[in-house]
Amino acid sequence: MVDRCVKRAFDITLAGAALLVLLPLFIVIAILVKRDSTGPILFTKTWIGRSNQLFRIKKFRSMYVEGSDGAGHRSTSRDDDRVTWVGRFIRRTSIDELPQILNVLSGDMSIVGPRPHALRSRAADKLFWEVEQRYWHRNAAKPGLTGLAQMRGIAAQRWSRPIWKAGCRRTSNSSKTGRSGAT
């Protein structure tokens with residue numbers, strides 16, 4: 655319990671400071687997104703969080719509204735025609751992810767943890783939990799802004815069975831030991 659309180663304090667402190675420092679960038683990106691295409695500045699989507707609880711993740715909108723897939727059936731490809739001009743830049747630089755700082759402040763996410771997935775996300779035309787039986791182990795931990803895949807530089811790679819196993823094994827082990835990966 656103490657570990658969770660310490661991690662939550664860390665999350666609030668870091669996310670709050672990041673929000674203050676990044677506020678000018680938030681404003682610039684918001685203006686660019688609004689000028690680039692019609693629609694809202696932020697995109698929200700239902701994702702799976704800790705203990706399989708659903709939450710609404712926030713991102714800067716990077717696609718045309720009429721082309722976005724709120725259900726998560728179609729993953730974005732490299733030259734996807736649904737992505738706006740500004741969207742290409744903010745996706746390539748991961749700036750589109752910055753509003754997730756608000757998810758951290760609200761308690762839906764943590765700074766570090768397994769990256770959450772959209773409810774209907776797929777790998778090789780199968781739902782993630784159909785590809786790997788231990789998929790749900792990752793949801794023992796609060797999802798994070800950054801996780802193991804980003805640290806290892808494999809976030810942009812296509813998910814493969816060995817990568818899934820490594821991620822599920824790490825989350826499963828940390829949740830058994832009660833270490834910080836389980837918050």
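Under this note's numbering, read the sequence shown as residues 655 to 837, first letter to last.
All C-beta atoms, glycine included, are put in the ideal place defined by N, C-alpha and C.
From a predicted model like this one, the values you see are computed outputs, not experimental measurements.
Within 7 Å, strictly: CB atoms of isoleucine 681 and lysine 688 = The sequence position of residue 681 within the sequence shown is 27, counting from 1. The sequence position of residue 688 within the sequence shown is 34, counting from 1. Cβ distance not < 7 Å, so isoleucine 681 and lysine 688 don't count as in contact.
Given a cut-off of 7 Å, decide if valine 737 and serine 716 are closer than it, judged by their beta-carbon atoms.
-> Locating residue 716 in the sequence shown gives position 62, counting from the first residue. Locating residue 737 in the sequence shown gives position 83, counting from the first residue. Yes; because the gap between Cβ atoms is below 7 Å, this pair is in contact.
Given lysine 699 as reference, the closest of Lys713, Ser760 and Asn706 once Cα atoms are compared | Here the question's residue 699 lines up with position 45 in the sequence shown. Comparing C-alpha distances from lysine 699 to each of Lys713, Ser760 and Asn706 shows the shortest one belongs to Lys713.
Determine the extent of the alpha helix (DSSP H) in which lysine 713 is found, giving its start and end residues.
-> The count along the sequence shown starts at 1 and reaches residue 713 at position 59. Looking at the DSSP string, lysine 713 is not in any alpha helix (DSSP H); the run it does join, the beta strand (DSSP E), is 708-714.
Tell me whether threonine 698 sits in a helix, a strand or coil according to DSSP, three-state version.
-> Here the question's residue 698 lines up with position 44 in the sequence shown. In the three-state DSSP reduction, threonine 698 falls in the strand class (E or B).
Option in Thr800, Leu759, Ala671 and Phe743 with minimal Cα separation from histidine 771 = Position 117 of the sequence shown, counted from the start, is the residue given in the question as residue 771. Closest option to histidine 771, Cα to Cα, is Thr800.
Pairwise C-alpha distance: glutamate 784 and glycine 767 | Start at 1 with the first residue of the sequence shown, and residue 767 comes out as number 113. Start at 1 with the first residue of the sequence shown, and residue 784 comes out as number 130. Going from the Cα of glycine 767 to the Cα of glutamate 784 covers about 22 Å.
Selected residue, minimal CA-CA separation from asparagine 793, among Leu677, Ser705, Phe697 and Ile683 | As a first step, residue 793 is located in the sequence shown; it is residue number 139 there, counting from the start. Nearest C-alpha to asparagine 793: Ser705.
Is it true that the CB of valine 740 sits closer than 7 Å to the CB of leucine 686?
-> Sequence index remark: in the sequence shown, residue 686 carries index 32 (1-based). Sequence index remark: in the sequence shown, residue 740 carries index 86 (1-based). A contact, by the Cβ cut-off of 7 Å.
What are the start and end residues of the beta strand (DSSP E) that includes valine 656?
-> Here residue 656 refers to the residue found at position 2 when the sequence shown is read from its first residue. Premise fails: valine 656 lies in the alpha helix (DSSP H), 656-690, not in any beta strand (DSSP E).
Residues of its chain near glycine 703, where Cβ-Cβ distance is below 8 Å and the 5 sequence neighbours each way are ignored = As a first step, residue 703 is located in the sequence shown; it is residue number 49 there, counting from the start. Here the set comprises Phe709, Asp762, Met763, Pro770, Asn793, Lys796 and Pro797.
The alpha helix (DSSP H) with isoleucine 755 in it runs from where to where?
-> Against the sequence shown, residue 755 aligns to sequence position 101. DSSP places isoleucine 755 in the uninterrupted alpha helix (DSSP H) bounded by 754-760.
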